[in-house]
Amino acid sequence: MKLGSGYAIHRIGPKLRAYRKEKELRLVDLSKAAGISSAMLSKIENGRIIPTIPTLFQLISVLGVEPQDFFAEINEQGKFSGYLLVRKENYVPYVKEESAEGFQYQSIFEHTLDNNDFQISIVALEPGNKRPLVSTAAYEFLYIIDGEIKFHLENTVLDLRKGDSLFFDGRIKHAPFNHQKTQVQYLVIYFFVSEEGEV
């Protein structure tokens, strides 16, 4: 789905989840009413997949939300004047998985370039963080800013240290784990792709 650079793509899933909870709907209830799988809706709400326009409009319709209201809430104002300076205090915190523990996400920048969406985020991992392995409809580039992590790519475990970088297909199930006693920080860039055969 291509919303253009004016929309914050990480806000779509959490906003849908907020509306669902406001309507006191279970994930399975909304997915059934919208005609998609609960697994797909879970990925959308967690920001692992960007929904297609028809799917998004179907979800908005089932939730009883006017499209103009929904897009107004996720719209980012401002025009590009040849450069963009983002102060640290303007980073946008967001949640990817409600069940994850010890993850702090901050979006630095999001844009659509040549019909391809990408997002740059800073992630802070607390010691003993927890999360199941997940897949993302994106290629991902990680750069370890500070600390050490064990990065699980399905059956492979990679030791990543400060200054290391990793590029991988996010559709491979993955998760980072901080086994240290101090917080770890890394930069991640998501290059979102369309999922074949998925709505």
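Quick note on full-length UniProt numbering: the sequence shown kicks off at 1 and runs consecutively.
For glycine and all other residues, C-beta sits at the position ideal for the given N, C-alpha and C.
Kindly identify the DSSP beta-bridge partner or partners of residue i.
{"i": "Q104", "result": "A124"}
{"i": "L153", "result": "T156, H174"}
{"i": "R161", "result": "E148"}
{"i": "I74", "result": "According to DSSP, which records beta bridges pairwise, I74 is partnered with nothing at all."}
{"i": "Y186", "result": "V123, I144"}
{"i": "F167", "result": "F141"}
{"i": "K43", "result": "Answer by DSSP bridge pairing: none, since K43 is not bridged."}
Output yes or no for whether 8 Å exceeds the beta carbon distance between residue i and residue j.
{"i": "L187", "j": "I149", "result": "no"}
{"i": "I174", "j": "L133", "result": "First, the residue type needs correcting, since residue 174 is His and not Ile in the sequence shown. Yes; because the gap between Cβ atoms is below 8 Å, this pair is in contact."}
{"i": "G147", "j": "V184", "result": "yes"}
{"i": "Y19", "j": "L63", "result": "yes"}
{"i": "I12", "j": "I74", "result": "yes"}
{"i": "F141", "j": "S165", "result": "yes"}
{"i": "N116", "j": "F167", "result": "no"}
{"i": "N46", "j": "E97", "result": "yes"}
{"i": "K23", "j": "F70", "result": "no"}
If you draw a straight line from the alpha carbon of residue i to that of residue j, how long is it in whole angstroms?
{"i": "T163", "j": "I189", "result": "Reading off the sequence shown, one finds Gly at residue 163, where the question assumed Thr. So the alpha carbons of these two residues sit roughly 15 Å apart."}
{"i": "F109", "j": "Q119", "result": "6 Å"}
{"i": "L85", "j": "K32", "result": "43 Å"}
{"i": "N90", "j": "Q104", "result": "15 Å"}
{"i": "Y143", "j": "F177", "result": "15 Å"}
{"i": "Y139", "j": "L25", "result": "32 Å"}
{"i": "residue 257", "j": "Y83", "result": "An answer regarding residue 257 cannot be provided, because it is not within the stretch 1 to 199 covered by the chain."}
{"i": "K88", "j": "Q106", "result": "10 Å"}
{"i": "D29", "j": "A72", "result": "26 Å"}
{"i": "S99", "j": "S135", "result": "15 Å"}
Enumerate in chain order the residues of its own chain whose CB-to-CB distance from residue i is below 6 Å, with the five nearest sequence positions on each side excluded.
{"i": "G49", "result": "Position check: residue 49 holds Ile in this sequence, whereas Gly was assumed. Only K43, A137 meet the Cβ criterion."}
{"i": "L158", "result": "F151"}
{"i": "E196", "result": "Here E196 scores only 46 on pLDDT, less than 50, and its place in the model is too uncertain to base an answer on."}
{"i": "K130", "result": "E101"}
{"i": "V92", "result": "S107"}
Who are the Cβ neighbours of residue i in its own chain at under 8 Å, not counting the five residues just before and after it?
{"i": "S37", "result": "S31"}
{"i": "L27", "result": "R20, S38, L41, S42, E45"}
Quick one: residues in its chain with C-beta nearer than 7 Å to the C-beta of residue i, no 5 flanking neighbours on either side, listed in chain order?
{"i": "P67", "result": "F57, I60"}
{"i": "L125", "result": "G102, F103, I149, P176, N178, Q183, V184"}
{"i": "L153", "result": "F168, I172, H174"}
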